[in-house]
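Colleague: In this note's numbering, the protein residues as written are 375 to 664. Where a beta carbon is used, it is the ideal one built from N, C-alpha and C, also for glycine. One structure, as structure tokens, below. Some questions next.
Given below as structure tokens:
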């Protein structure tokens with residue numbers, strides 16, 4: 375079936391991610407949304423719909439939300455090809471410590487094993503191509519080499535890649551994954567099943583107040599790849615949900631925002647273990663004081 379491709383180019387990564395987020399939540403939903411780095415200060419967002427009218431609605435949603443800062447949006451009617459699969463095929467496998475994250479187009483080229491994770495680009499954030507996801511995966515790899523966590527929470531799980539990585543690294547752990555977007559929770563659950571991971575409990579909720587999460591606390595490790603503002607607001611809640619000596623991995627933080635996030639967590643009884651910068655983004659590992 376012919377489809378329509380929406381393309382936007384942005385020179386600011388924060389704006390590019392905002393556009394990606396809006397398109398990922400568009401209604402009608404896109405068949406695929408992908409953010410590409412074309413070079414220094416050059417980002418490209420592509421989204422695909424089978425229906426041209428749905429793409430027109432997405433442009434209206436972008437204009438209403440972004441306003442005058444919205445770069446030029448291009449719509450292109452495409453011939454009858456599987457453009458979603460072709461877009462996904464442009465994403466190479468990503469190595470993150472012991473983990474290898476790949477799409478289904480690379481399934482036959484990546485040896486199946488406890489550290490290979492199958493994630494296709496789609497309606498929920500997290501394929502490991504973004505520095506925030508990559509930074510979290512590296513932190514999970516490092517921590518699970520040294521600590522035998524038994525209860526782990528991926529807060530704001532998106533595609534579920536971080537929860538799947540934690541479950542793969544520690545098969546005996548009880549892993550929980552939550553997101554305030556029901557579509558993301560469904561995608562994460564599907565991805566977990568596709569990876570043969572069955573010991574993840576999912577919850578559709580914002581924050582930590584859901585009965586499932588409250589009953590599971592305290593956690594040994596909480597991972598939250600969201601944004602700096604919400605992370606600052608969650609400092610007290612994450613501290614309360616962690617056992618003494620437990621760890622949290624935080625990302626979605628632009629480099630200039632990192633000091634204020636660190637300060638919020640230091641004020642709630644944490645110590646800074648590691649600050650990892652990747653491109654414009656920072657991933658923090660902190661530990662709750664005993």
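Taking buried to mean at least 16 other C-beta atoms within 10 Å of its own C-beta, is residue 446 buried or exposed?
Modeller: Exposed: under 16 other Cβ atoms inside 10 Å.
Colleague: Report the three-state DSSP secondary structure of residue 659 (helix, strand or coil).
Modeller: It is a strand residue.
Colleague: Distance, Cα to Cα, residue 504 vs residue 589?
Modeller: Their Cα atoms are separated by approximately 32 angstroms.
Colleague: Out of curiosity, what's the CA-to-CA distance linking residue 606 and residue 598?
Modeller: Distance between the alpha carbons of residue 606 and residue 598 is about 11 angstroms.
Colleague: What does a CB cutoff of less than 6 angstroms around residue 457 pick up in its chain, not counting 5 residues either side in sequence?
Modeller: The predicted model places residue 457 with a pLDDT of 47, which falls under 50 and marks its position as unreliable, so this point remains unresolved.
Colleague: So does residue 430 have its beta carbon nearer than 6 angstroms to some heavy atom of the ligand PLP?
Modeller: Ligands displayed in this structure: none; no statement on the ligand PLP is therefore possible.
Colleague: Going by DSSP, what residues sit across from residue 578 in a beta bridge?
Modeller: Beta-bridge pairing links residue 578 to 553.
Colleague: Residue 436 and residue 396 - do their beta-carbons sit closer together than 7 angstroms?
Modeller: Yes, they are a contact pair.
Colleague: Go through its chain and collect everything with a Cβ distance to residue 412's Cβ below 7 angstroms, but skip five positions before and after it.
Modeller: Correct list, in chain order: 418.
Colleague: Cα-Cα, which of 611, 642, 617 is closest to residue 583?
Modeller: Comparing Cα-Cα distances from residue 583 to each of 611, 642, 617, the minimum goes to 611.
Colleague: In chain order, what residues of the same chain lie with their CB nearer than 8 angstroms to the CB of residue 440, ignoring the 5 residues before and after it?
Modeller: These residues qualify, in order along the chain: 389, 392, 393, 396.
Colleague: What's the C-alpha gap between residue 642 and residue 381?
Modeller: Going from the Cα of residue 642 to the Cα of residue 381 covers about 43 angstroms.
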